[in-house]
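Colleague:
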Amino acid sequence: MLETSARLLALLSLLQSRPSWPGSELAERLGVSGRTIRNDIARLRELGYPVDATRGTTGSYKLGVGTKLPPLLLDDQEAVAIAIGLRAGTGISGIQDSSARALAKLEQVLPHRLRRQVAAIHQSTSHGPENTGSNVEDPEIDPGVLTQIATAVRDHEWLRFDYTGADGQEGEPPSGTAATSGHKLVEPYRLVSWARRWYLVGRDPQAGTWATFRVDWITPRTPTHRVFAPTPLPGLDYTSFVLRDVASTGWKVHARITVFASAQEVLSRINAAVGVVESVNDQQCVLVTGADSLETIAVYIGMLGLDFEVTGPPGLIDHLAVLGERYLRSIGR
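Counting from 1, position 124 in the sequence shown corresponds to residue 123 in numbering that gives the first Met the number 0; the numbering is continuous, with no gaps.
Structure follows, in structure tokens:
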């Protein structure tokens, strides 16, 4: 027979594995009496685990919705952060099922207020293509800030915040946007996660202009609780809007590369996180791209396997000339 502490963990694991369990089946699985199961359920409740019971001949036990998180597990921010990560994991090849099972277990015991926060972030977020080749340190995102923005998106409430844009940072950080620093009041429409960063797409209610804001540069002010009538982005493609803004303005180095192939052909050959492709005609397009260095852009366009023309920036032209000479020397020419 299992010791009490080990048996409690085994009982908790069983309760998490499916919606409900008859008491007799739990007793059989753990090799104890029905009375012991009832006592162990009482101990779990004392520890803060919400366990609901149905009485009668068909009585059963199931984990219920708690009024607080069970002790010694997760605080509120940790629970929200894990739930966000698990939701993202459900879209990653190879771990979809595991992420979904873990998320179901977590959401089963999340208090209602935390489940609303997680749902708000999920419903308010789009995901752009991931760029796994960046060597730039990932920014830290405050889960409280992310939750406040997502709630404003979900509830269609004006969002007031202070913004420290690229013009307010030392140097010119990568993956920024064209938005300038200052106090902002916007209609928030969508959160977009792209290349390990979070962006907010918002609309100026007075000017009617759209902008992208990096979430790690946002410091929210007191919630306005002022509801607005949504005016969706033309085309409703918030992800493409962010990609275009960041690719054209947000990197240390950015360039427009003429490629002698159709836009469809180029898109079939690149990771979409590299940039945005603009069609010119059936034989030509423009790749709007950016990176942290000239070397990275040179690698990107070299991997296309297509003819291209570079007219700027000057540093990129010089770097490609050096690379060309180096490659020719490597084969004795």
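Beta carbons: idealized from backbone N, C-alpha and C, even for Gly.
Excluding the five sequence neighbours on either side, which residues of its own chain have a C-beta within less than 6 Å of the C-beta of G274, listed in chain order?
Modeller: The residue given as residue 274 occupies position 275 in the sequence shown. For G274, where only same-chain residues beyond five positions count, the Cβ hits under 6 Å are A246, L286, V287, T288.
Colleague: Within a Cβ cutoff of 6 Å, which residues of the same chain sit near I36, ignoring the five residues on either side of it in sequence?
Modeller: Position 37 of the sequence shown holds residue 36. Taken in chain order, the residues that qualify are G22, L25, A26.
Colleague: Could you tell me how far apart the beta carbons of Y188 and P219 are, in whole angstroms, since I believe they sit closer than 8 Å?
Modeller: In the sequence shown, the residue the question calls residue 188 occupies position 189. In the sequence shown, the residue the question calls residue 219 occupies position 220. Between P219 and Y188 the Cβ distance is about 16 Å, and since that is not below 8 Å, they are no contact.
Colleague: On the three-state DSSP scale, how would you describe D306?
Modeller: Counting from 1 along the sequence shown, the entry for residue 306 is found at position 307. The answer is coil: DSSP assigns D306 none of H, G, I, E or B.
Colleague: Here's a check: name, in chain order, each residue in its chain whose Cβ is nearer than 8 Å to the Cβ of H318, leaving out the five neighbours to either side.
Modeller: Residue numbering aside, residue 318 sits at position 319 when the sequence shown is read from its first letter. Closer than 8 Å at the Cβ level, and outside the excluded window around H318, lie L293, E294, A297.
Colleague: By how many angstroms is the C-alpha of G304 removed from the C-alpha of N130?
Modeller: As a working note, residue 130 is residue 131 in the sequence shown. As a working note, residue 304 is residue 305 in the sequence shown. Caution is warranted here: a pLDDT of 48 is assigned to N130, below 50, making its placement in the model unreliable, and the coordinate value is therefore given only provisionally. One C-alpha to the other measures close to 20 Å.
Colleague: Taking 7 Å as the cut-off, does the CB of T295 come closer than this to any heavy atom belonging to the ligand ADP?
Modeller: Within the structure as shown, the ligand ADP is missing, as the structure has no ligands at all.
Colleague: Below 8 Å, how does it come out for the segment 102-114 and the segment 178-193: are there three or more Cβ pairs, yes or no?
Modeller: Taking 8 Å as the limit for Cβ pairs, the verdict is that the segment 178-193 does not touch the segment 102-114.
Colleague: What residue does the alpha helix (DSSP H) around H318 start on, and which one ends it?
Modeller: Counted from its first residue, the sequence shown places residue 318 at position 319. Unbroken alpha helix (DSSP H) run through H318: 313-329.
Colleague: So, with DSSP's three-state summary, where would you put W157?
Modeller: Within the sequence shown, residue 157 is the residue found at index 158, counting from 1. Of the three classes helix, strand and coil, the one that applies to W157 here is coil, per DSSP.
Colleague: State the CB to CB distance for the pair W197 and V214, rounded to an integer number of angstroms; the pair is presumed to be in contact (CB under 8 Å).
Modeller: Here the question's residue 197 lines up with position 198 in the sequence shown. Here the question's residue 214 lines up with position 215 in the sequence shown. That pair is a contact at about 4 Å.
Colleague: Using DSSP's beta-bridge definition, name the partner residues of G201.
Modeller: For this step, residue 201 is matched to residue 202 along the sequence shown. Paired residues: P187, A210.
Colleague: Hey, A119 and L105 are a contact pair by Cβ (cut 8 Å); roughly how many whole angstroms apart?
Modeller: Your numbering for residue 119 matches position 120 in the sequence shown. Your numbering for residue 105 matches position 106 in the sequence shown. Actually they do not touch by this definition, with Cβ atoms about 16 Å apart.
Colleague: Consult DSSP for P21 and reduce its assignment to one of helix, strand or coil.
Modeller: Taking the sequence shown and counting its residues from 1, the one referred to as residue 21 is at position 22. Residue state, collapsed to three classes: strand.
Colleague: Less than 8 Å between the C-beta atoms of G201 and L145, yes or no?
Modeller: Here residue 201 corresponds to residue number 202 of the sequence shown, with the count starting at 1. Here residue 145 corresponds to residue number 146 of the sequence shown, with the count starting at 1. Contact flag unset, no.
Colleague: Quick one: what does DSSP say V287 is sitting in, helix, strand or coil?
Modeller: As a first step, residue 287 must be located in the sequence shown, where it is residue number 288. V287 falls in the strand class under three-state DSSP.
Colleague: Express the C-alpha separation of V64 and D39 in angstroms, rounding to a whole number.
Modeller: The residue labelled residue 39 in the question sits at position 40 within the sequence shown. The residue labelled residue 64 in the question sits at position 65 within the sequence shown. Each residue's alpha carbon lies about 19 Å from the other.
Colleague: Rounding to the nearest angstrom, what Cα-Cα distance links N280 and P142 in this structure?
Modeller: Translated into positions along the sequence shown, residue 280 becomes position 281. Translated into positions along the sequence shown, residue 142 becomes position 143. N280 and P142: Cα-Cα distance of roughly 44 Å.
Colleague: Can the beta-carbon of L199 be found closer than 8 Å to that of I140?
Modeller: The count along the sequence shown starts at 1 and reaches residue 199 at position 200. The count along the sequence shown starts at 1 and reaches residue 140 at position 141. No; because the gap between Cβ atoms is not below 8 Å, this pair is not in contact.
Colleague: In whole angstroms, what separates the C-alpha of T211 from that of V241?
Modeller: Position 212 of the sequence shown holds residue 211. Position 242 of the sequence shown holds residue 241. Their backbone Cα atoms lie some 6 Å apart in a straight line.
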